[in-house]
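Peer 1: Note that the protein sequences, when read in sequence, are chains A and B.
Mapping to full-length UniProt numbering: the first sequence position 78 is 78, numbers consecutive.
Mapping to full-length UniProt numbering: the second sequence position 54 is 54, numbers consecutive.
Heads up, the beta-carbon is just placed ideally off N, CA and C, and yes, glycines get one too.
What you are looking at is a predicted structure, and each value in this text was computed from that prediction instead of being measured.
Protein chains: 2
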Amino acid sequence: MEVKEISQAVIGRLPRYFRYLGELKDEGVERISSQELSGLMKVTASQIRQDFNNFGGFGQQGYGYNVESLYREIGKILGLDKQHNFVIIGAGNLGRALGNYMNFERRGFIFKGMFDANPELVGKDVRGVKVMPMDQLESFIRENDIDIAVLTIPKTSAVEVADKLVANGIRAIWNFAHVDLNVPEGIQVENVHLSDSLMKLSYNINRYSSDMK
Amino acid sequence: MEVKEISQAVIGRLPRYFRYLGELKDEGVERISSQELSGLMKVTASQIRQDFNNFGGFGQQGYGYNVESLYREIGKILGLDKQHNFVIIGAGNLGRALGNYMNFERRGFIFKGMFDANPELVGKDVRGVKVMPMDQLESFIRENDIDIAVLTIPKTSAVEVADKLVANGIRAIWNFAHVDLNVPEGIQVENVHLSDSLMKLSYNINRYSSDMK
DNA sequence: TAGATTGTTAATCGATTAACAATC
DNA sequence: TAGATTGTTAATCGATTAACAATC
Chain A
1 MEVKEISQAV
11 IGRLPRYFRY
21 LGELKDEGVE
31 RISSQELSGL
41 MKVTASQIRQ
51 DFNNFGGFGQ
61 QGYGYNVESL
71 YREIGKILGL
81 DKQHNFVIIG
91 AGNLGRALGN
101 YMNFERRGFI
111 FKGMFDANPE
121 LVGKDVRGVK
131 VMPMDQLESF
141 IRENDIDIAV
151 LTIPKTSAVE
161 VADKLVANGI
171 RAIWNFAHVD
181 LNVPEGIQVE
191 NVHLSDSLMK
201 LSYNINRYSS
211 DMK
Chain B
1 MEVKEISQAV
11 IGRLPRYFRY
21 LGELKDEGVE
31 RISSQELSGL
41 MKVTASQIRQ
51 DFNNFGGFGQ
61 QGYGYNVESL
71 YREIGKILGL
81 DKQHNFVIIG
91 AGNLGRALGN
101 YMNFERRGFI
111 FKGMFDANPE
121 LVGKDVRGVK
131 VMPMDQLESF
141 IRENDIDIAV
151 LTIPKTSAVE
161 VADKLVANGI
171 RAIWNFAHVD
181 LNVPEGIQVE
191 NVHLSDSLMK
201 LSYNINRYSS
211 DMK
């Protein structure tokens, strides 16, 4: 069976398509051409058609794309039709902020548990979920069908915790710790390195002022 | 005066170089070759040399790169030797989490003010900074040499607030609102779309399981 | 049917990797 | 000097854009 590998460049654009299509759908727009979407999103119509055609012919010549069905298809491609249970490890400010964010639930991401090494935080409640001590992490992962672990702990403990997660069958790690994790093939890691992001911003601020006369 | 434009692909890798070099420096490593760094970071030595040479010849044939000075140079390129004042707009969970994060200060990013439209949050203290009402935002930006605004507000108000920021001389927006901002050329926007990031993770989880036999 | 717009192939552009002469 | 490793040019690879035949 032939497996055409989709590049991460394409994958990275799918959530943005999904967002625009969702908004169009909510506005009651029924159909859209790659040309119109191009104007809205400021990417080329050609790229839009190439991107969609990686996954099959969702459009119709002379008509364009049906917003509702394209929205649903992209959601399916992104796996948003499936439920993904997640736990948050690290009940600090960032971890609690993510736990309190309701919108993930709407996309099928279900907040199941929260863990922290600090005994003072254990027992606290974040949106109905009690913070558990770290020694319950491994059994909890195994017994509660947890797909995704959100790592909001200092980098000093992140590598060690990631190894435990992998050993207990986690499928993906959403890593907010400022360190590169080394996981076996097949385990997905998505890094959110906030300070890297801020540094890019800083570069571009300074580049711009020196470019200007 | 010739301006060689550095691609965002290169810029995006600089913070990671910076991080590895900082760790090497802390470990007391004095010099490193592109070959060694390649092994550590899992990118090609060729790419490392190309990347660095966009900014000048930091190395020495037969020796490699001096860790300390390369670290400092990259820091300078990223503008980390300059102070950047920032405000956070939106004192919800995420805004407060970012305000409480101390490590930005170490890199020259100084937390100067915080704003929220909700009167119940006004007056609250986040790491020594009092939450101010939105009607003080514009004068505060102008009078306190604010470079960067961190947007942690709902997307419904983000576009409007961004326009105000631009009108009052902001130079960069670190945008956590799930919407695309339209700003004039020269204003930098760095988006952190957390739900997009989570969707990518979701895609890769599902891709992997269907690829596997 | 005529017009519109896709799906897809071909051309272009840019980024990554390889190779090697320069040089410490 | 000989060996090591950069800086840089050339080759390759992959992603984006353009073009157009297929088709609704």
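#1: Taking Cβ-Cβ distances shorter than 9 angstroms, what residues in chain B pair up with A:D196?
#2: Spatial neighbours of residue 226 of chain B within its chain, please: C-beta separation below 6 angstroms, excluding the five flanking residues on both sides.
#3: Take every Cβ of the stretch 142 to 151 of chain A, pair it with every Cβ of the stretch 117 to 126 of chain A, and state whether three or more of those distances are shorter than 8 angstroms.
#4: Please compile the residues from chain A whose C-beta is within a distance smaller than 7 angstroms of the C-beta of B:Q60.
#5: Once you ignore the five residues that flank A:F18 on each side, which residues in its own chain have a CB closer than 6 angstroms to its CB?
#6: Can you grab the Cα-Cα spacing for the pair A:V10 / B:K130, in whole Å?
#7: What does the alpha-carbon distance come out to for the pair A:N204 and B:Q188?
#8: Which bits of chain B does A:S202 rub up against, with CB to CB less than 7 angstroms?
#9: Hey, how far is the Cα of A:G113 from the Cα of A:G57?
#10: Look up residue 215 of chain A in the DSSP assignment and say whether it is helix, strand or coil.
#11: In the DSSP assignment, what residue or residues form a beta bridge with A:N66?
#12: Helix or strand or just coil, what does DSSP make of A:K155?
#13: Rank A:K82, A:S202, A:D116 and A:G28 by C-alpha distance to the C-alpha of A:I88 and give the top, closest one.
#14: Check the Cβ of B:Y208 against every Cβ in chain A and list those closer than 8 angstroms, keeping chain order.
#15: Taking the alpha carbon of B:Y153 as the point to measure from, which residue in B:M132, B:R171, B:D135 and B:F176 has its own alpha carbon closest?
#16: How is A:V150 classed by DSSP in three states: helix, strand or coil?
#17: Since A:R107 meets chain B, which of its residues come closer than 9 angstroms, beta carbon to beta carbon?
#18: Quick check on A:D116 - is its C-beta less than 8 angstroms from some C-beta in chain B?
#19: Give the C-beta separation of B:A158 and B:L151 to the nearest angstrom, bearing in mind that I take them to be a contact with Cβ-Cβ under 8 angstroms.
#20: Tell me which residues share the same chain as B:S69 and place their Cβ nearer than 8 angstroms to its Cβ, disregarding the 5 neighbours each side in the sequence.
#21: Using Cβ-Cβ distances below 8 angstroms, what residues of the stretch 88 to 103 of chain B are close to chain A?
#22: Helix, strand or coil for A:M199 per DSSP?
#23: Do you know offhand how far A:I148's Cα is from A:G169's?
#24: Does the Cβ of A:Y63 have 16 or more other Cβ atoms within 10 Å, making it buried, or fewer, making it exposed?
#25: Do B:A162 and B:L137 have their beta-carbon atoms positioned less than 8 angstroms apart in this structure?
#26: With the cut-off set at 8 angstroms, would you say B:R127 and B:G99 are in Cβ contact?
#27: I want to verify the contact list: residues of chain B whose CB lies under 7 angstroms from the CB of A:I141, in sequence order.
#28: Tell me which residues share the same chain as B:R107 and place their Cβ nearer than 7 angstroms to its Cβ, disregarding the 5 neighbours each side in the sequence.
#29: Please report the distance separating the alpha-carbon of B:A97 from that of B:F86.
#30: Have a look at A:N118 and A:L94 and give me their C-alpha separation to the nearest angstrom.
#31: So, helix, strand or coil for A:D163, using DSSP?
#32: Inspect the beta-carbon positions of A:P133 and B:D196 and report whether they are closer than 8 angstroms.
#33: If we define contact as Cβ-Cβ less than 8 angstroms, is A:E36 a contact residue for chain B?
#34: Taking the alpha carbon of A:Y208 as the reference point, which residue from B:F52, B:M41, B:L78 and B:R49 has its own alpha carbon closest?
#35: Buried or exposed: B:L40, going by 16 or more other Cβ atoms within 10 Å of its Cβ?
#36: Which residues of chain A have a Cβ atom closer than 8 angstroms to the Cβ of B:D147, listed in chain order?
Peer 2: In brief:
#1: Along the first sequence, one-based indexing puts residue 196 of chain A at 196. Chain B residues near A:D196: G12, L14, P15, R16, F18 and R19.
#2: As displayed, chain B neither begins before 1 nor continues past 213, which places residue 226 of chain B out of reach and without an answer.
#3: no
#4: Mapped onto the second sequence, residue 60 of chain B falls at position 60. Here the premise fails: no neighbours, minimum Cβ distance about 25 angstroms.
#5: Translated into positions along the first sequence, residue 18 of chain A becomes position 18. Hits under 6 angstroms: I74.
#6: Working through the first sequence from its first residue, we reach residue 10 of chain A at position 10. Working through the second sequence from its first residue, we reach residue 130 of chain B at position 130. So the two alpha carbons sit approximately 43 angstroms from each other.
#7: Stepping through the first sequence from its first residue, residue 204 of chain A is reached at position 204. Stepping through the second sequence from its first residue, residue 188 of chain B is reached at position 188. Going by the C-alpha atoms only, they are around 7 angstroms apart.
#8: Taking the first residue of the first sequence as position 1, residue 202 of chain A is located at position 202. Correct list: L78, G79, L80 and H84.
#9: The residue given as residue 113 of chain A occupies position 113 in the first sequence. The residue given as residue 57 of chain A occupies position 57 in the first sequence. In a straight line, the C-alpha of A:G113 is about 40 angstroms away from that of A:G57.
#10: No answer is possible for residue 215 of chain A: the residues shown for chain A start at 1 and end at 213.
#11: Translated into the one-based positions of the first sequence, residue 66 of chain A becomes position 66. Beta-bridge pairing links A:N66 to A:R31.
#12: On the first sequence, position 155 is the one that residue 155 of chain A refers to. Correct three-state label for A:K155: helix.
#13: Against the first sequence, residue 88 of chain A aligns to sequence position 88. For A:I88, the nearest C-alpha among the options comes from A:D116.
#14: Here residue 208 of chain B corresponds to residue number 208 of the second sequence, with the count starting at 1. Those are R171, G186 and Q188, listed as they occur along chain A.
#15: For this step, residue 153 of chain B is matched to residue 153 along the second sequence. Reading off the sequence shown, one finds Ile at residue 153 of chain B, where the question assumed Tyr. Minimum Cα distance to B:I153 is reached at B:F176.
#16: Locating residue 150 of chain A in the first sequence gives position 150, counting from the first residue. Three-state result, A:V150: strand.
#17: The residue you call residue 107 of chain A lines up with position 107 of the first sequence. Ordered by position in chain B, the residues that pass the 9 angstroms Cβ test against A:R107 are S195, L198, M199 and S202.
#18: Looking up residue 116 of chain A in the first sequence gives position 116. With 8 angstroms as the cut-off, A:D116 does not count as an interface residue toward chain B.
#19: Taking the second sequence and counting its residues from 1, the one referred to as residue 158 of chain B is at position 158. Taking the second sequence and counting its residues from 1, the one referred to as residue 151 of chain B is at position 151. Yes, B:A158 and B:L151 are in contact; Cβ-Cβ is about 6 angstroms, under 8 angstroms.
#20: Residue numbering aside, residue 69 of chain B sits at position 69 when the second sequence is read from its first letter. The residues are F58.
#21: G92, N93, L94, R96, A97, L98, N100, Y101 and N103
#22: Residue mapping note: residue 199 of chain A aligns to position 199 of the first sequence, counting from 1. Note: A:M199 maps to helix in three-state DSSP.
#23: In the first sequence, residue 148 of chain A corresponds to position 148, counting from 1. In the first sequence, residue 169 of chain A corresponds to position 169, counting from 1. Their backbone Cα atoms lie some 10 angstroms apart in a straight line.
#24: On the first sequence, position 63 is the one that residue 63 of chain A refers to. A:Y63 should be labelled exposed.
#25: Along the second sequence, one-based indexing puts residue 137 of chain B at 137. Along the second sequence, one-based indexing puts residue 162 of chain B at 162. Result no, Cβ atoms of B:L137 and B:A162 do not sit closer than 8 angstroms.
#26: Here residue 127 of chain B is taken as the residue at index 127 of the second sequence, counted from 1. Here residue 99 of chain B is taken as the residue at index 99 of the second sequence, counted from 1. Result yes, Cβ atoms of B:R127 and B:G99 sit closer than 8 angstroms.
#27: In the first sequence, counting from the first residue as 1, residue 141 of chain A sits at position 141. The contacting residues do not exist; A:I141 stays about 15 angstroms from chain B at best.
#28: The sequence position of residue 107 of chain B within the second sequence is 107, counting from 1. Around B:R107: L80.
#29: Sequence index remark: in the second sequence, residue 97 of chain B carries index 97 (1-based). Sequence index remark: in the second sequence, residue 86 of chain B carries index 86 (1-based). Rounded to whole angstroms, B:A97 to B:F86 spans 15 angstroms at the Cα level.
#30: Numbered from its first residue, the first sequence carries residue 118 of chain A at position 118. Numbered from its first residue, the first sequence carries residue 94 of chain A at position 94. Those two C-alpha atoms are separated by around 15 angstroms.
#31: For the purposes of this step, residue 163 of chain A is taken as the residue at position 163 of the first sequence. Note: A:D163 maps to helix in three-state DSSP.
#32: Locating residue 133 of chain A in the first sequence gives position 133, where the first residue counts as 1. Locating residue 196 of chain B in the second sequence gives position 196, where the first residue counts as 1. Their beta carbons are not under 8 angstroms apart, which means A:P133 does not touch B:D196 by this criterion.
#33: Translated into the one-based positions of the first sequence, residue 36 of chain A becomes position 36. So no, A:E36 is outside the interface.
#34: Taking the first sequence and counting its residues from 1, one reaches residue 208 of chain A at position 208. Taking only the C-alpha atoms, the option nearest A:Y208 is B:L78.
#35: For the purposes of this step, residue 40 of chain B is taken as residue 40 along the second sequence, with counting starting at 1. Exposed.
#36: Translated into the one-based positions of the second sequence, residue 147 of chain B becomes position 147. Going along chain A in sequence order, the residues near B:D147 (Cβ under 8 angstroms) are I205.
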